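Chemist:
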Amino acid sequence: MVRTRRRSVLLLLLALTVLSPLALYTSRLPAALNPIQTRDFPGEITNQETVSSLKEPIGIVFSEELGGLAKESTESDGQELPSRKAGEHKSRVLSEVTAAADGTEVIEQATRREAQDGGLVSAVSEEHEKTTGSQQQSSSEESLLETMPKQTSAKVVAENSLTARTDGKTKNTVLPDTRIRNIKDQLIKAKVYLGLGSVRANSQYLKDLRQRIREVQKVLGDASKDTDLPKNANEKVKALEQMLIKARQMHDDCSIVVKKLRAMLHSAEEQLHAHKKQTVFLTQLAAKTLPKGLHCLPLRLANEYFSLDPDRQQFPNQHKLTNPKLYHYALFSDNILATAVVVNSTVLNAKHPSDHVFHIVTDRLNYAPMRMWFLSNPPGKATIEVQNIGEFTWLNDSYSPVLKQLGSQSMIDYYFGTNRANPDSNLKYRNPKYLSILNHLRFYLPEIYPKLDKMVFLDDDIVVKKDLTGLWSINMKGKVNGAVETCGESFHRFDRYLNFSNPVIAKNFDPHACGWAFGMNVFDLAEWKRQNITQIYHSWQKLVRC
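Residue numbers for the sequence shown, in mature numbering (1 follows the signal peptide of the UniProt record, and there is no 0): -25 to -1, 1 to 521.
(1) Check each candidate in Thr337, Gly457, Leu446 and name the one with the smallest Cα separation from His303.
(2) Roughly how many whole angstroms lie between the Cα atoms of Ala315 and Lys454?
(3) If you follow the alpha helix (DSSP H) that Thr277 is part of, which residue opens it and which one closes it?
(4) Within the same chain, show all residues whose beta-carbon is closer than 6 Å to that of Ser308, passing over the 5 residues directly before and after it, in chain order.
(5) Using the beta-carbon count (16 or more within 10 Å), is Glu101 buried or exposed?
(6) If Thr297 sits next to Phe333, beta carbons under 8 Å apart, how far is it from one beta carbon to the other, in whole angstroms?
(7) What's the C-alpha gap between Arg468 and Asp485?
(8) Run through DSSP, which three-state label would Leu306 get?
(9) Looking only at its chain, what residues have a beta carbon closer than 7 Å to the beta carbon of Ala501, apart from the 5 residues adjacent to it on each side?
(10) Can you grab the Cα-Cα spacing for the pair Leu301 / Ala198, in whole Å?
(11) Do Leu416 and Ile364 count as a contact pair if the criterion is CB distance below 8 Å?
(12) Between the beta-carbon of residue 522 and the beta-carbon of Ser178, is there less than 8 Å?
(13) For the beta strand (DSSP E) containing Asn496, name the first residue and the last one.
(14) In or out: Leu(-14) buried (at least 16 other Cβ within 10 Å) or exposed?
(15) Just how far apart, CA to CA, sit Asp203 and Ile231?
(16) Quick test of the definition: if touching needs 3 or more C-beta pairs under 8 Å, does the stretch 331 to 345 touch the stretch 270 to 290?
(17) What whole-angstrom Cβ distance do Val194 and Ala208 have, given they're in contact under 8 Å?
(18) For Phe290, I'd like the list of residues in its chain whose CB is within less than 6 Å of its CB, leaving aside the five on either flank, ordered along the chain.
(19) For Ala222, count the other beta carbons within 10 Å of its own beta carbon; 16 or more makes it buried, fewer makes it exposed. Which is it?
(20) Is the CB-CB distance between Tyr419 and Leu370 below 8 Å?
(21) In three-state DSSP terms, what is Phe432?
(22) Based on the DSSP output, what are the partners of Ala458 in its beta bridges?
(23) Could you check how far apart the C-beta atoms of Ala458 and Trp491 are, in whole angstroms? I think they sit under 8 Å.
(24) Starting from Asn363 and walking both ways along the alpha helix (DSSP H), at which residues does that stretch end?
(25) Do you know whose CA, among Met430, Ser351, Leu283, lies nearest Ile311's CA?
(26) Out of Lys267, Leu283, Ala243, Val317, which one is the CA nearest neighbour of residue 554?
(27) Tell me the DSSP bridge mates of Ile335?
(28) Between Leu169 and the rest of its own chain, which residues show a CB-CB distance below 8 Å, the 5 nearest in sequence each way excluded?
(29) Going straight from the alpha carbon of Val167 to that of Lys252, what length do you get?
(30) Starting from Ser178, follow the alpha helix (DSSP H) in both directions and report where the run begins and ends.
(31) Using the three-state DSSP reduction, which class does Ser448 fall into: helix, strand or coil?
(32) Helix, strand or coil: which one does DSSP assign to Leu(-13)?
(33) Taking buried to mean at least 16 other C-beta atoms within 10 Å of its own C-beta, is Met161 buried or exposed?
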């Protein structure tokens, strides 16, 4: 009896030991599952959220275009995360969509802009237009929409980087003929190293470097384009580069190299300045020099002139010389051929050559040759007059201050001196022709031609290409001289040849004003006499101290 009770108690305890854990586990399982469902998945979200509401995730609303809206969305998310409850996500999304309704057009514009850049939003935008108002959306579509901005941003960044690279290629356009430029740079470097003491101390290296320089110079030759270089150019240049690398290893003092380069630059600038002056001088020399075959032309013409009878030494139509109704030209020169070119080109282009009269004044040496030339080669129906400046007895140093100055030793030294401490940079104003009175004779036109009212002055270095009769119909408006304006940065400006340190000149002249060109001028001689221009010219000449 007692054993039976003990056995029953053991079985009961055993049953409790086995079944109680099962009972406890079964009763606690629903309680453990429900909080997970309610906490992490607050209710079942219905398919009432359209594509328009989920087109962009909350807090990522195009920060560049809608910075303010994105900031509000992000701040609202940060405030709502701790107190999130069941059904709160759906209401929050709908409230965000309602609040952003005013900016829908802006968002759509931003969406279209990214669509043009090649982003994936273009596809979503089209899908949005088709499915607006739809009540169905799968979880896969939702995940796609959530990752959409990231993909779009990545693609936009990639395109921007591609554009930047493209722009970089455009900006870093390869210059033409880079090989020739590189070869010339290498030659300059090599010449710099040739003058360094550390390189010159190594005789073998110095010999090899000179040999490489000669080879590269021979390869370069007269090539002006990369295509002109021979096939072995790269090989020779590489050999020179290897020599320069050794030179850098032998000499690493950059300060000496800099000094050498500065010296080379200074020397090159001085050579350039000297070549420019030489070019100007040779240009003027070529313009004034006669060919060897014409060196004896004045002598032959003079011989022929004096062999003529006195009756044949006169020009026809001398009665036209003082007729103010005709077209009168003044030409003062000692160059026979240049004068002939001016006269013939004017007559050739004139509509009525018989109405044109040319008044030529030359020096005593060229008077007979000049007359003989136009007697032998008359310019059509035009009238010619040739005068000798030596016959103007009224033009003497007591009347004209410029004659006294032209004969002074200082003026002769200015134009013909060779040992000048400060040579004029502009050789134009040192031309010895300015020492001739023929160059200053234009200031005495009213005295030479007192019966004429208007004249056109022509220099001996021009060629006429059209009829000039229209110049006589110009309204001078009370001015004495009509001239072609030749005012440039460094041409005919007063500050280039007038001394503005003189207070008289500084007071009466504008340094930036320009002198008129002597090549072709129209002179109103009647107005000249009225304003007494010749006396004004004399007053300024008297101020000049030789």
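Backbone N, C-alpha and C define an ideal beta-carbon position, used for all residues, glycine too. This one's a predicted model, so the numbers in the text were calculated from it and none came from an experiment.
Modeler: Taking the structure as given:
(1) Indexing the sequence shown from 1 puts residue 303 at position 328. Closest by alpha carbon: Leu446.
(2) Stepping through the sequence shown from its first residue, residue 315 is reached at position 340. Stepping through the sequence shown from its first residue, residue 454 is reached at position 479. Going from the Cα of Ala315 to the Cα of Lys454 covers about 30 Å.
(3) On the sequence shown, position 302 is the one that residue 277 refers to. Here residue 277 is Ala; the residue named in the question, Thr, does not match the sequence. Unbroken alpha helix (DSSP H) run through Ala277: 272 to 281.
(4) Translated into the one-based positions of the sequence shown, residue 308 becomes position 333. Closer than 6 Å at the Cβ level, and outside the excluded window around Ser308, lie Thr314, Asp435.
(5) The residue labelled residue 101 in the question sits at position 126 within the sequence shown. Its pLDDT being 44, under 50, Glu101 is placed unreliably in this model, and the value from its coordinates should be taken loosely. Under this definition Glu101 is an exposed residue.
(6) Reading the sequence shown from its first residue, position 322 is the one you call residue 297. Reading the sequence shown from its first residue, position 358 is the one you call residue 333. At roughly 14 Å, the Cβ-Cβ gap does not stay under 8 Å, so Thr297 and Phe333 are not in contact.
(7) The count along the sequence shown starts at 1 and reaches residue 468 at position 493. The count along the sequence shown starts at 1 and reaches residue 485 at position 510. So the two alpha carbons sit approximately 9 Å from each other.
(8) As a working mapping, residue 306 is identified with position 331 in the sequence shown. DSSP places Leu306 in strand when its eight states are reduced to three.
(9) Here residue 501 refers to the residue found at position 526 when the sequence shown is read from its first residue. Cβ neighbours of Ala501 within its own chain (closer than 7 Å, five residues either side excluded): Asp428.
(10) As a working mapping, residue 301 is identified with position 326 in the sequence shown. As a working mapping, residue 198 is identified with position 223 in the sequence shown. If I take the Cα positions, the gap works out to 60 Å.
(11) Start at 1 with the first residue of the sequence shown, and residue 364 comes out as number 389. Start at 1 with the first residue of the sequence shown, and residue 416 comes out as number 441. The answer is yes: Cβ separation under 8 Å.
(12) This structure leaves residue 522 out entirely; the chain is present only between -25 and 521.
(13) Within the sequence shown, residue 496 is the residue found at index 521, counting from 1. Unbroken beta strand (DSSP E) run through Asn496: 495 to 499.
(14) Locating residue -14 in the sequence shown gives position 12, where the first residue counts as 1. Leu(-14) is exposed by the Cβ-count criterion.
(15) Residue mapping note: residue 203 aligns to position 228 of the sequence shown, counting from 1. Residue mapping note: residue 231 aligns to position 256 of the sequence shown, counting from 1. Near 35 Å, if we compare the C-alpha coordinates of Ile231 and Asp203.
(16) Segment contact: the stretch 331 to 345 against the stretch 270 to 290, three or more CB-CB distances shorter than 8 Å; contact assigned.
(17) Looking up residue 194 in the sequence shown gives position 219. Looking up residue 208 in the sequence shown gives position 233. That pair is a contact at about 5 Å.
(18) By one-based count along the sequence shown, residue 290 stands at place 315. Once the five neighbours on either side are set aside, the close Cβ partners of Phe290 are Ile359.
(19) Taking the first residue of the sequence shown as 1, we reach residue 222 at position 247. The C-beta of Ala222 has 16 or more other C-beta atoms within 10 Å across all chains shown, which makes the residue buried.
(20) To locate residue 419, count along the sequence shown from 1; it is residue 444. To locate residue 370, count along the sequence shown from 1; it is residue 395. Going by C-beta atoms, Tyr419 is nearer than 8 Å to Leu370.
(21) Position 457 of the sequence shown holds residue 432. Residue state, collapsed to three classes: strand.
(22) Stepping through the sequence shown from its first residue, residue 458 is reached at position 483. Ala458 is bridged to Asn496.
(23) Here residue 458 corresponds to residue number 483 of the sequence shown, with the count starting at 1. Here residue 491 corresponds to residue number 516 of the sequence shown, with the count starting at 1. Yes, they are in contact, since the Cβ atoms of Ala458 and Trp491 sit about 4 Å apart, within 8 Å.
(24) As a working mapping, residue 363 is identified with position 388 in the sequence shown. Taken as a continuous stretch (DSSP letters only), Asn363 belongs to no alpha helix (DSSP H), being part of the beta strand (DSSP E) at 358 to 363.
(25) By 1-based counting over the sequence shown, the position of residue 311 is 336. If we check each option's Cα against that of Ile311, Ser351 comes out closest.
(26) Summary: the structure shown does not reach residue 554, with the chain confined to residues -25 through 521, and so no result is reported for it.
(27) Your numbering for residue 335 matches position 360 in the sequence shown. Ile335 is bridged to Leu306, Val361.
(28) Counting from 1 along the sequence shown, the entry for residue 169 is found at position 194. Cβ neighbours of Leu169 beyond the five flanking positions: Arg175, Leu181, Leu184, Arg185, Ile188.
(29) Here residue 167 is taken as the residue at index 192 of the sequence shown, counted from 1. Here residue 252 is taken as the residue at index 277 of the sequence shown, counted from 1. Each residue's alpha carbon lies about 28 Å from the other.
(30) In the sequence shown, counting from the first residue as 1, residue 178 sits at position 203. Element bounds for Ser178: 178 to 195.
(31) As a working note, residue 448 is residue 473 in the sequence shown. Of the three classes helix, strand and coil, the one that applies to Ser448 here is helix, per DSSP.
(32) As a first step, residue -13 must be located in the sequence shown, where it is residue number 13. Reduced to three states, the DSSP call for Leu(-13) is helix.
(33) Within the sequence shown, the letter at position 186 stands for residue 161. Looking at the sequence provided, one finds Gln at residue 161 rather than Met. Buried is the call here.
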